[in-house]
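Residue numbers (the working numbering), protein chains in the order written: chain A, 5 to 660; chain B, 219 to 338.
Written out as structure tokens, the structure reads:
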């Protein structure tokens with residue numbers, strides 16, 4: 005019989021099981037918050053049941069055994085035999101965490117059950133108060149015989165259940181020699197032909213099945229019609245012998261064990277049908293355009309020039325749309341990241357004795373898959389900080405005239421070509437006095453120096469900056485906002501904070517929509533091309549020599565609006581020869597990263613271009629100030645300037 | 219070759235079932251829940267329905283009852299997918315008009331053997 009390799013379904017199983025766990029967690033949290041909807045418990049049960057079914061089918065025995073006990077407990081909950089009290093919900097939440105770990109270990113091919121899963125399983129078994137029979141319990145070994153006499157009388161409705169006597173006989177004949185001894189017409193008197201109901205069973209049979217066939221196999225054939233027929237099965241000859249049962253394990257349906265260690269995460273992505281359809285649509289248009297252009301090329305004459313232009317314009321349009329559609333495949337709702345926060349905030353509340361109401365907005369906002377994978381850590385950090393440092397204790401909040409529970413608001417939205425994620429709290433805000441004291445102690449500001457709110461906010465992004473009197477096991481000490489900023493910068497984004505003491509803080513993360521393609525301005529430096537991402541360009545201008553001031557250490561500053569900005573000569577940074585060195589001959593681009601601005605001196609601006617980013621590290625090595633390379637329209641290579649890197653490079657030079 | 223409607227809310231299970239059946243030459247339509255299955259069943263004829271019991275929205279038992287109420291599904295085999303020896307569910311399924319059941323976990327060979335009993 006056909007053997008199907010079950011491992012091809014594993015990835016899907018893992019993905020949907022993790023989704024099911026997320027569903028369970030959401031529902032458990034809702035239960036804990038006093039939501040009484042009975043559908044919640046059903047949802048939790050269904051999710052656990054689904055994981056169990058898949059785990060058993062695909063051969064993850066430990067996961068199946070764990071979920072089996074879990075399911076029994078949920079069944080009691082579902083049927084109202086057990087109350088969803090705090091302790092039960094806490095245990096179930098632990099089970100969710102435990103299963104997440106077990107699934108990860110199943111995927112990586114390691115030992116799946118661990119001390120935690122075993123102790124939880126024991127606890128659940130104890131809670132159930134009775135032994136839970138193991139799944140797929142095997143039937144007792146069947147008795148063998150020389151054959152069977154079967155008296156089979158279908159009830160009239162049997163055919164309507166879809167059970168066909170002929171198929172059942174064929175099944176019996178697969179096991180041994182089947183002899184039909186007698187056929188009975190059950191309905192007496194016989195109905196006239198015209199009165200026959202073709203969907204009603206009217207015949208009965210006396211059968212003999214010869215051969216050494218276990219009773220269980222005969223029973224199995226009639227299993228589905230139990231109650232739909234009269235059935236009497238007798239041993240044919242009185243020659244009972246205890247024989248070893250045929251492969252009982254195979255009969256009980258033991259799932260095959262997976263080969264360990266071969267199924268690494270293939271990094272798959274689930275795409276909605278609508279997106280795939282849009283893609284197919286685009287490709288269809290591309291094919292039409294291609295055949296039209298091919299036709300023009302084959303019989304080209306000058307009078308068809310207009311049509312050629314039209315065709316090329318269409319090609320341009322379709323290619324762009326196709327590019328958009330392909331990019332959209334990588335875009336996933338940010339809900340996948342937001343989803344973990346209700347649980348996290350709940351746990352933090354319990355541990356820190358705070359009261360927090362979490363609000364999520366814009367969960368359907370789509371972001372690039374890479375952004376999705378890497379924005380989690382910075383957000384976790386911001387949320388931990390907000391609950392740990394931001395919010396006051398309930399008593400202090402009431403004393404300050406605020407509601408007892410703080411509001412933590414998490415919002416995602418699209419803004420231009422960017423994704424904006426905001427974390428705002430109505431807690432105590434940044435406290436000026438301790439931050440300033442700390443900054444003075446670290447020599448970041450001079451005693452008595454005027455510091456406005458923005459500058460104050462910038463201070464907390466300094467490495468190792470923490471004012472918390474003692475380290476907590478939640479937020480730790482020291483490492484913090486500088487790591488958040490670095491993580492976000494690595495994604496090509498920026499993070500800033502607005503805060504008012506006593507009223508709360510808002511952290512704003514701005515991220516590019518996609519990391520694979522950027523809009524850039526092509527510049528020339530010493531005959532080489534460099535691309536500067538458009539999002540970081542503030543303005544381009546030409547300077548006069550007398551507008552540049554030299555400062556100590558060889559630095560140069562130029563006047564931009566009301567500010568003096570450092571001038572960075574790109575040819576210096578990258579060691580280009582033959583570049584324009586006279587500022588009056590070149591162009592200066594004012595760029596901004598992380599709230600700081602510098603001017604980049606280049607030879608000339610060449611124009612705007614979309615650049616598909618190729619990793620420089622993958623092909624060569626990491627170069628400071630360069631974030632990647634791209635292939636220009638003429639086939640040459642252009643390097644992409646890492647504005648964030650250049651800006652901090654300029655900062656370090658100035659400090660040096 | 220028989221045309222089979224496979225109904226399961228779990229993508230991995232549905233994939234496994236349809237991959238196996240298609241590999242054996244069956245024509246397979248998939249549905250993610252009872253409502254979707256019913257909509258497909260109203261528009262097309264099938265030789266066999268395989269339905270999971272636990273599904274959000276319309277469950278497998280209700281689906282079976284609804285299908286049996288359709289004239290085009292009189293006598294068409296409907297198998298429900300159930301776990302272990304949950305006798306109550308099997309009987310509930312039978313009462314709703316199911317032909318029989320397939321006990322989870324099952325492997326592809328067991329699936330094909332069971333399908334061969336009622337279709338093909």
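Idealized CB from N, CA, C, for every residue including glycine.
| Check | Outcome |
| --- | --- |
| Inter-residue CB distance, residue 317 of chain B and residue 297 of chain B (contact presumed, cutoff 8 Å) | 6 Å |
| Cβ-based burial, residue 202 of chain A [other Cβ within 10 Å; buried from 16] | exposed |
| Residue-chain proximity (residue 228 of chain B, chain A), Cβ-Cβ < 7 Å | yes |
| Unbroken stretches of the alpha helix (DSSP H), 4 residues or longer, contained in the stretch 243-300 of chain B | 252-261 and 278-286 |
| Near-chain A residues of the stretch 230-256 of chain B - C-beta to any C-beta below 8 Å | 230, 231, 233, 234, 237, 238, 241 and 242 |
| Strand pairing of residue 361 of chain A, partner residues [DSSP] | A:411 |
| Three-way DSSP call (helix, strand, coil) for residue 511 of chain A in this model | strand |
| Cβ separation of residue 604 of chain A and residue 574 of chain A, assumed to be a contact under 8 Å, to the nearest whole Å | 5 Å |
| Proximity below 7 Å, CB of residue 323 of chain A to CB of residue 428 of chain A | no |
| For residue 430 of chain A, the three-state DSSP class (helix, strand or coil) | coil |
| Inter-residue spacing [alpha-carbon to alpha-carbon] between residue 240 of chain B and residue 324 of chain B | 17 Å |
| Through-space distance from residue 233 of chain B to residue 515 of chain A, alpha-carbon basis | 36 Å |
| Nearest to residue 316 of chain A (by Cα), restricted to the options A:618, A:305, A:103 and A:300 | A:300 |
| Exposure of residue 291 of chain A, with buried meaning 16 or more beta-carbon neighbours within 10 Å | exposed |
| Contact set for residue 250 of chain A: own chain, Cβ-Cβ below 6 Å, skip 5 residues either direction | Note on residue 250 of chain A: pLDDT 42, under 50, position unreliable in the model; the coordinate value appears next. Excluding residues within five positions, none has a Cβ falling inside 6 Å. |
| Run of the beta strand (DSSP E) containing residue 275 of chain A, from where it starts to where it stops | Note, residue 275 of chain A: premise wrong, no beta strand (DSSP E); not H, not E. |
| Neighbour list for residue 60 of chain A in chain B, Cβ cutoff strictly below 7 Å | 322 and 323 |
| Range of the contiguous alpha helix (DSSP H) that encloses residue 233 of chain A | No alpha helix (DSSP H) contains residue 233 of chain A, which is instead part of the beta strand (DSSP E) from 233-239. |
| CB contact below 7 Å: residue 419 of chain A versus chain B | no |
| Any C-beta of chain B under 7 Å from that of residue 179 of chain A | no |
| Spatial neighbours of residue 413 of chain A in its chain, beta-carbon cut-off 6 Å, leaving aside the 5 residues before and after | 363 and 428 |
| Buried or exposed by the 16-neighbour rule on C-beta atoms within 10 Å, applied to residue 534 of chain A | buried |
| Contacting residues, own chain, Cβ-Cβ under 7 Å from residue 207 of chain A (five flanking each side not counted) | 187, 188, 189 and 190 |
| Assigned secondary structure, residue 573 of chain A (DSSP; H/G/I helix, E/B strand, else coil) | strand |
| Through-space distance from residue 367 of chain A to residue 342 of chain A, alpha-carbon basis | 7 Å |
| Residue range of the unbroken beta strand (DSSP E) whose run includes residue 503 of chain A | 498-504 |
| Through-space distance from residue 541 of chain A to residue 525 of chain A, alpha-carbon basis | 9 Å |
| Exposed unless 16 or more other CB atoms sit within 10 angstroms - verdict on residue 456 of chain A | exposed |
| Beta carbon proximity, residue 164 of chain A to chain B, threshold 7 Å | yes |
| Contact list for residue 151 of chain A against chain B, beta-carbon separation under 9 Å | Within chain B, no residue comes near residue 151 of chain A; the closest Cβ sits about 21 Å away, beyond 9 Å. |
| Contact check, residue 204 of chain A vs residue 169 of chain A, beta carbons under 7 Å | no |
| DSSP three-state assignment for residue 226 of chain B, whether helix, strand or coil | coil |
| Straight-line Cα distance separating residue 295 of chain B from residue 332 of chain B | 11 Å |
| Helix, strand or coil at residue 219 of chain B [DSSP, three-state] | coil |
| Per-residue DSSP class, three states only, for residue 19 of chain A | helix |
| Extent of the continuous beta strand (DSSP E) run through residue 603 of chain A | 600-606 |
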